[in-house]
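Those protein sequences? They're chains A and B, same order as listed. First residue of the first sequence: 0, per numbering that gives the first Met the number 0; consecutive thereafter. First residue of the second sequence: 0, per numbering that gives the first Met the number 0; consecutive thereafter.
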Amino acid sequence: MSQQVNILQLSEVDFNKRTRNRKILRTVFALTIFSFLIILAFFQFFPFLLELVTSFHGQGYIREYGILYFWPRQITFQNYIDVFRVAGIPRAFLNSVIHTFAFTTISLIIAFIFGYVLGKIKFRGRNIIFFAILSTLMVPGEVLMVPNFILLRQTVIFYDNILGIILPGAVNVFGIFLFKQFMNTIPNELLESAEIDGAGELTKIFRIVFPMCMPIIVTYIIITFTASWNEYLWPMIVLRNPDWHTLQLAMNDLYPRFGGHVDEYIRSAGMILISLPIILLFVTLQKYFLQSVNVSGMK
Amino acid sequence: MTEAIKRKKPFRKKYKNEIKAFLLIGLPLLWWGVFFVFALVRAIYFSFTDLTFDVNANLSFSLESYRRIFAFGTEYFDSLFWRSLGISLIWTGVMLVANNFMGMLVAWMLTTIKSHRARRMILGFLFWPSLISAVASAHIISMVFSSGSSGLFNRIVMLFGGYPQDWLGNPNTALIALMVVPFLLGFSGRMIIYYAAMLGVPETYYEAAKFDTSSKVRPFFHITLPLIKNAIVLNLVLSLIEGVRILAPMQLVDGVADETMSVVLYIFNLAFYPQALGSEGLVDGRRLNQFGRASAYAMIVFVVILVLTLIQFKLTGKEAENVSAG
Chain A
0 MSQQVNILQL
10 SEVDFNKRTR
20 NRKILRTVFA
30 LTIFSFLIIL
40 AFFQFFPFLL
50 ELVTSFHGQG
60 YIREYGILYF
70 WPRQITFQNY
80 IDVFRVAGIP
90 RAFLNSVIHT
100 FAFTTISLII
110 AFIFGYVLGK
120 IKFRGRNIIF
130 FAILSTLMVP
140 GEVLMVPNFI
150 LLRQTVIFYD
160 NILGIILPGA
170 VNVFGIFLFK
180 QFMNTIPNEL
190 LESAEIDGAG
200 ELTKIFRIVF
210 PMCMPIIVTY
220 IIITFTASWN
230 EYLWPMIVLR
240 NPDWHTLQLA
250 MNDLYPRFGG
260 HVDEYIRSAG
270 MILISLPIIL
280 LFVTLQKYFL
290 QSVNVSGMK
Chain B
0 MTEAIKRKKP
10 FRKKYKNEIK
20 AFLLIGLPLL
30 WWGVFFVFAL
40 VRAIYFSFTD
50 LTFDVNANLS
60 FSLESYRRIF
70 AFGTEYFDSL
80 FWRSLGISLI
90 WTGVMLVANN
100 FMGMLVAWML
110 TTIKSHRARR
120 MILGFLFWPS
130 LISAVASAHI
140 ISMVFSSGSS
150 GLFNRIVMLF
160 GGYPQDWLGN
170 PNTALIALMV
180 VPFLLGFSGR
190 MIIYYAAMLG
200 VPETYYEAAK
210 FDTSSKVRPF
220 FHITLPLIKN
230 AIVLNLVLSL
240 IEGVRILAPM
250 QLVDGVADET
260 MSVVLYIFNL
270 AFYPQALGSE
280 GLVDGRRLNQ
290 FGRASAYAMI
300 VFVVILVLTL
310 IQFKLTGKEA
320 ENVSAG
């Protein structure tokens with residue numbers, strides 16, 4: 000009898016010990032993962048930090064041999080002012096803003112209405128149109144760049160100006176797909192009752208469906224805004240005249256002609272400048288950014 | 000009776016919805032037809048001609064571009080195309096494996112963090128590099144590997160007593176130097192998709208697994224992996240498409256050797272920037288934009304992407320059908 004009790008007690012002590020060990024192990028595990036992620040986050044930030052440090056150094060500053068700068072030895076905003084003095088950059092900034100806003104707005108409206116029509120109006124040929132459009136998602140832009148360039152050059156009005164980078168891609172197939180999928184979540188009864196109340200098609204689109212689509216609209220704006228601000232290949236093909244260059248293209252003007260430190264400092268400031276709008280957008284809309292990946296990726 | 004009514008139904012009423020739909024989307028549909036369908040048909044047509052900059056010239060049917068690709072051993076054969084395609088595929092393979100592995104690992108690590116605030120902070124820091132433009136990324140690569148004592152990597156080498164080298168200018172190291180930064184830090188886009196997928200796995204599954212095993216790793220392989228299969232397929236396809244279409248680092252990094260030219264950069268140079276090419280940019284001794292040849296090469300790239308995607312779908316099974324081509 001007494002032996003049995005002993006065994007019971009023993010195993011209980013043993014058990015407590017094991018749980019305590021496991022608790023310690025779990026904490027160590029969590030701490031390891033946490034510190035790994037922090038280090039990784041630092042490495043992700045590190046190149047950007049280098050750019051920042053370089054961009055704050057004065058142009059007369061000569062860096063010491065074989066030293067890594069984690070912090071600028073002097074802070075000046077002269078480089079940022081000088082970037083704007085480089086011929087073409089203010090104009091390019093304006094071009095980029097116009098391009099991004101115009102493209103996002105136009106393609107949003109088209110994709111939204113297109114998605115609504117494919118999702119909510121029952122008409123003959125609907126599926127054929129949808130699958131035809133969807134299948135062009137598979138075609139990479141590289142295949143289309145030559146014929147589209149030639150077409151733009153033949154039309155003349157779209158060639159070599161900002162219309163050439165806004166309009167050809169205005170029908171955004173990915174956006175149409177996104178909106179069409181989202182239309183499934185809007186009940187048909189709602190639209191039917193609106194119709195009974197005498198609402199026309201446009202009223203239904205803009206008064207009822209548009210507000211209900213807000214989450215997907217924010218997602219679409221974020222994705223498209225980032226993509227068109229960063230767009231590089233197509234503008235480079237279409238825009239021959241430097242007056243129409245976007246900011247990404249204008250960065251080429253900052254590469255060294257005389258090969259000195261001065262170019263490097265200004266260039267870093269330029270790179271910060273072209274990344275900043277997107278980063279600011281990300282910081283303010285972080286929640287939606289992460290959501291947007293969820294929506295666009297998993298549907 | 001009903002037949003009669005139906006026949007009497009005026010056209011406008013019978014095709015009410017069709018009229019409505021085409022009033023709303025007719026113009027965009029036409030636009031899409033011009034810039035996607037017409038362009039694709041034209042690209043195929045151009046690829047069978049020897050079109051140069053002058054579009055109004057008389058075009059004749061010619062298989063020359065395709066002969067350059069496939070006629071191995073003849074004078075036409077363009078080994079540069081195959082080399083550049085090889086470089087693109089090496090890039091694709093390396094990035095596909097590295098970024099997906101790292102992305103999945105980091106996403107899983109994030110899900111083990113209990114505090115939501117800390118999680119979101121780290122997620123933010125890890126995610127934003129994927130928003131940086133190709134131009135700025137290329138500048139970062141050239142900052143890290145630039146020649147002389149100004150490059151970051153050279154400074155690290157010097158700290159250990161080595162001598163600075165021209166990593167990007169040397170054909171033997173150029174491609175590796177280009178790949179290092181995207182290899183280590185390019186996982187952000189992949190990570191976020193894996194992370195979102197892992198959050199979608201119901202917590203109850205893991206709780207049930209706790210009764211069967213005390214391991215932390217086994218639930219990952221037996222629960223998480225099968226349930227995020229869609230995300231894996233999506234990520235693999237995205238990696239593949241992004242990888243084969245790579246162009247910016249090869250073109251924009253300052254002072255990189257010509258030996259790193261990717262296939263899309265080659266196509267771009269043939270069509271729009273023949274100055275960057277040596278003898279391949281010449282047509283009868285003149286520098287001309289070779290649109291026909293570029294179209295043919297682009298067709299091959301299209302086929303390569305298509306075939307690799309289909310192989311991936313085949314390997315990963317039926318679930319793939321739910322995935323959009325993003």
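Virtual Cβ for every residue (Gly too), placed ideally from N, Cα, C.
Looking only at C-alpha atoms, which of the options sits nearest to residue i?
i: B/A135; options: A/I207, A/L39, A/V237, A/L49; result: A/L49
i: A/I165; options: A/I175, A/L151, A/F176; result: A/L151
i: B/L50; options: A/R90, A/T99, A/P146, A/T26; result: A/P146
i: A/A226; options: B/T212, B/P248, B/A133; result: B/A133
i: B/K13; options: A/A110, A/K121, A/I215; result: A/K121
i: A/P186; options: A/C212, A/L162, A/N171, A/G168; result: A/C212
i: B/V36; options: A/Q43, A/V172, A/Y287; result: A/V172
i: A/A333; options: A/L253, A/T223, A/V282, A/Y287; result: Residue 333 of chain A is absent from the structure shown; chain A starts at 0 and stops at 298.
i: B/T48; options: B/V303, B/L58, B/L130; result: B/L58
i: A/W233; options: A/S106, A/E141, A/V82; result: A/E141
i: B/V33; options: A/R239, A/H56, A/L143, A/R21; result: A/L143
i: B/G242; options: B/G188, B/W166, B/I89; result: B/I89
i: A/F42; options: B/F159, B/S187, B/G92, B/T91; result: B/S187
i: A/S267; options: A/T53, A/V282, A/S192, A/T135; result: A/T53
i: A/A91; options: A/P71, A/G168, A/I278, A/N251; result: A/N251
i: B/E74; options: B/E279, B/F290, B/L309; result: B/E279
i: B/T199; options: B/T110, B/S214, B/F312, B/G85; result: Per the sequence presented here, residue 199 of chain B reads as Gly, with Thr not at that position. Here the closest residue by C-alpha is B/T110.
i: B/L264; options: B/L246, B/V156, B/L276, B/L281; result: B/L246
i: A/A40; options: B/L79, B/G254, B/R118; result: B/R118
i: B/P329; options: B/E206, B/G254, B/S114, B/L95; result: There is simply no residue 329 of chain B to check, as chain B begins at 0 and stops at 325 in what is shown.
With H, G and I counted as helix, E and B as strand and the rest as coil, what does DSSP make of residue i?
i: A/L51; result: helix
i: B/L22; result: helix
i: A/H56; result: coil
i: B/G325; result: Caution is warranted here: a pLDDT of 35 is assigned to B/G325, below 50, making its placement in the model unreliable, and the coordinate value is therefore given only provisionally. In the structure shown, B/G325 sits in coil (DSSP, three-state: anything other than H, G, I, E or B).
i: B/E261; result: Here residue 261 of chain B is Ser; the residue named in the question, Glu, does not match the sequence. Reduced to three states, the DSSP call for B/S261 is coil.
i: A/H98; result: helix
i: A/I222; result: helix
i: A/D252; result: helix
i: B/K15; result: helix
i: A/K121; result: coil
i: B/F164; result: The amino acid occupying residue 164 of chain B in the given sequence is Gln; Phe does not appear at that position. The answer is coil: DSSP assigns B/Q164 none of H, G, I, E or B.
i: A/A169; result: coil
i: A/G258; result: The predicted model places A/G258 with a pLDDT of 48, which falls under 50 and marks its position as unreliable, so this point remains unresolved.
i: A/T18; result: helix
i: A/L238; result: coil
i: B/S83; result: helix
i: A/E230; result: coil
i: A/R266; result: helix
i: B/R67; result: helix
i: B/L122; result: helix
i: B/F76; result: coil
Report yes if the CB atom of residue i is closer than 8 Å to the CB atom of residue j, and no otherwise.
i: B/A137; j: B/V262; result: no
i: B/I43; j: B/M260; result: no
i: B/P128; j: B/L184; result: yes
i: A/K119; j: A/L189; result: no
i: A/G132; j: B/W81; result: For clarity, residue 132 of chain A is Ile in the given sequence; the question names Gly instead. Not in contact: A/I132 and B/W81 (Cβ atoms no closer than 8 Å).
i: A/Y264; j: A/N78; result: yes
i: A/L117; j: A/K179; result: yes
i: B/I140; j: B/L174; result: no
i: A/A86; j: A/G174; result: no
i: B/R378; j: B/P273; result: Residue numbering for chain B in the displayed model covers 0 to 325; residue 378 of chain B lies beyond these limits and cannot be assessed.
i: A/F113; j: B/I24; result: yes
i: B/G102; j: B/M197; result: no
i: A/F181; j: A/I215; result: yes
i: B/V300; j: A/P139; result: yes
i: B/Y193; j: B/A106; result: yes
i: B/R67; j: B/F60; result: no
i: A/A193; j: A/S106; result: no
i: A/Y115; j: A/I195; result: no
Run down chain D in chain order and give the residues with a C-beta less than 7 Å from the C-beta of residue i.
i: B/W31; result: No chain D is present in this structure, whose protein chains are A and B.
What residues match up with residue i in a beta bridge as DSSP calls it?
i: B/L281; result: B/R286
(Q) Count Cβ pairs between the segment 220 to 229 of chain B and the segment 168 to 176 of chain B that sit closer than 8 Å; are there 3 or more? (A) Segments in contact, no.
Q. When the Cβ atoms of the segment 12 to 25 of chain B are set against those of the segment 262 to 274 of chain B, are three or more pairs found closer than 8 Å?
A. no
Q: Flag this pair as touching only if the segment 175 to 185 of chain A and the segment 197 to 213 of chain A have three or more C-beta atom pairs under 8 Å; answer yes or no.
A: yes
(Q) With a threshold of 8 Å, are at least 3 pairs of Cβ atoms found where one atom belongs to the segment 19 to 34 of chain A and the other to the segment 229 to 249 of chain A? (A) No, the segment 19 to 34 of chain A is not in contact with the segment 229 to 249 of chain A.
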